[in-house]
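Peer 1:
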Amino acid sequence: MAGRRGALIVLEGVDRAGKSTQSRKLVSALCAAGHRAELLRFPERSTEIGKLLSSYLEKKSEVEDHSVHLLFSANRWEHVPLIKEKLSQGVTLVVDRYAFSGVAFTSAKEVRLAEAAKRGEFGHERYENGSFQKRALQSFGQLMGDKTLNWRVVDASRSIEDVHKEIHELCEDTIQAAMHRPLEELWT
Ligand code: NYM
Ligand code: MG
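For the sequence shown, position 139 matches number 149 in the numbering used here, and the numbering has no gaps at all.
See the structure below:
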């Protein structure tokens, strides 16, 4: 159908919330339901900028805080032409983190609290500790105040299947609604 475009679906949240698992399951379910859907993730570690970010996150290199923020941003911008092309072709994109992680994780750095309680289950990358994640979560809460974006909060503490079912239903509605909104609105 002429003018039909894909939806841009972004999964955001703290580390270990299950975003990658849910993103993959969502793409499979949308494709099985007859949609054209593809997966993207940020940081996308395969590009030159992505490799710098991956090395930074793995604590193999040091990058000044403002600079690394801009590298995360550049890593998204280098994919914007592809994102626009896919959406305009009618492909729905499921994105595992986008600019909201950029804001939440950078601002969590800027208001560092004294306490650094560590949780065993976190990984070994930079930012992967309880107090940092708590600050990132607070920032996500503030970002959701932007009502021009269609935020939906999903309780990720339930089973993978229950969470998946809810996300899939929400996305079917979003894909329908996206067809009536011009693409240009997304980057203005
Ligand atoms: N992250 C991610 C940022 O600090 N800024 C950003 O702009 C983005 C997109 O990188 N701890 C952080 C959040 C995560 C880490 O981990 C990426 P993963 O497992 O690749 O999503
Ligand atoms: Mg991670």
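C-beta atoms are modelled at their ideal positions from N, C-alpha and C, and glycine is treated no differently.
#1: Are the CB atoms of Val-164 and Val-104 within a distance shorter than 8 angstroms?
#2: With a Cβ-Cβ cutoff of 8 angstroms, do Pro-53 and Gly-60 count as a contact?
#3: Since Leu-147 contacts Arg-162 with CB under 8 angstroms, what's their CB separation in whole angstroms?
#4: Output needed for Lys-119: all residues of its chain with C-beta closer than 7 angstroms, excluding positions within five of it in sequence on either side, in chain order.
#5: Would you mind stating whether Leu-18 and Leu-92 have Cβ atoms separated by less than 8 angstroms?
#6: Are there 16 or more other CB atoms within 10 angstroms of the CB of Thr-102, so buried, or fewer, so exposed?
#7: Is the beta carbon of Tyr-137 sitting closer than 8 angstroms to the one on Val-20?
#8: Please classify Gly-133 as buried or exposed, where buried requires at least 16 neighbouring CB atoms within 10 angstroms.
#9: Is the separation between the beta-carbon of His-190 and that of Gln-32 shorter than 8 angstroms?
#10: Any heavy atom of the ligand NYM inside 7 angstroms of the beta-carbon of Phe-82?
#11: Quick one: what's Glu-48 bridged to in DSSP?
#12: Less than 7 angstroms between the CB of Gly-112 and some heavy atom of the ligand NYM, yes or no?
#13: When the Cα of Ala-47 is compared with those of Trp-87, His-89, Gly-100 and Trp-197, which residue comes out closest?
#14: So, Val-73 versus Leu-81, is the Cβ gap smaller than 8 angstroms?
#15: Tell me the DSSP bridge mates of Asp-62?
#16: Which same chain residues end up closer than 7 angstroms to Pro-143 when comparing Cβ atoms and leaving out the 5 residues on each side of it in sequence?
#17: Can you give me the start and stop residues for the beta strand (DSSP E) that Leu-18 sits inside?
#18: Throw me the rounded Cβ distance for the Phe-110 and Glu-22 pair, which I believe falls under 8 angstroms.
Peer 2: If we stick to the structure as given:
#1: Taking the first residue of the sequence shown as position 1, residue 104 is located at position 94. Taking the first residue of the sequence shown as position 1, residue 164 is located at position 154. It is not a contact, given that the beta carbons lie outside the stated cut-off.
#2: Sequence index remark: in the sequence shown, residue 53 carries index 43 (1-based). Sequence index remark: in the sequence shown, residue 60 carries index 50 (1-based). Cβ distance < 8 angstroms, so Pro-53 and Gly-60 count as in contact.
#3: Position 137 of the sequence shown, counted from the start, is the residue given in the question as residue 147. Position 152 of the sequence shown, counted from the start, is the residue given in the question as residue 162. Leu-147 to Arg-162, Cβ: 16 angstroms. No contact.
#4: Residue mapping note: residue 119 aligns to position 109 of the sequence shown, counting from 1. Only Asp-75 meet the Cβ criterion.
#5: Here the question's residue 18 lines up with position 8 in the sequence shown. Here the question's residue 92 lines up with position 82 in the sequence shown. The answer is no: Cβ separation not under 8 angstroms.
#6: For the purposes of this step, residue 102 is taken as residue 92 along the sequence shown, with counting starting at 1. It counts as buried.
#7: Working through the sequence shown from its first residue, we reach residue 137 at position 127. Working through the sequence shown from its first residue, we reach residue 20 at position 10. In this structure, Val-20 does not lie closer than 8 angstroms to Tyr-137 by Cβ.
#8: Translated into positions along the sequence shown, residue 133 becomes position 123. Label assigned to Gly-133: exposed.
#9: Numbered from 1 along the sequence shown, position 180 holds the residue referred to as residue 190. Numbered from 1 along the sequence shown, position 22 holds the residue referred to as residue 32. Not a contact, by the Cβ cut-off of 8 angstroms.
#10: Position 72 of the sequence shown, counted from the first residue, corresponds to residue 82. Using a cutoff of 7 angstroms, the CB of Phe-82 counts as near the ligand NYM, since one of the ligand's heavy atoms is closer than that.
#11: Start at 1 with the first residue of the sequence shown, and residue 48 comes out as number 38. The partner list for Glu-48 (beta bridge, DSSP) reads Leu-103.
#12: In the sequence shown, the residue the question calls residue 112 occupies position 102. Yes.
#13: Residue 47 sits at position 37 when you count from the first residue of the sequence shown. Residue Gly-100 is the option with its Cα nearest to Ala-47.
#14: On the sequence shown, position 63 is the one that residue 73 refers to. On the sequence shown, position 71 is the one that residue 81 refers to. In contact: Val-73 and Leu-81 (Cβ atoms closer than 8 angstroms).
#15: The residue labelled residue 62 in the question sits at position 52 within the sequence shown. Inspection of the sequence shows that residue 62 is occupied by Leu rather than by Asp. Paired residue(s): none; Leu-62 is not in a bridge.
#16: Here residue 143 refers to the residue found at position 133 when the sequence shown is read from its first residue. For the record, residue 143 in the displayed sequence is Gln; it is not Pro. Once the five neighbours on either side are set aside, the close Cβ partners of Gln-143 are Val-24 and Asp-25.
#17: The residue you call residue 18 lines up with position 8 of the sequence shown. Segment 18 to 21, the beta strand (DSSP E) holding Leu-18.
#18: By 1-based counting over the sequence shown, the position of residue 110 is 100. By 1-based counting over the sequence shown, the position of residue 22 is 12. Rounded, the Cβ-Cβ distance is 5 angstroms, consistent with contact.
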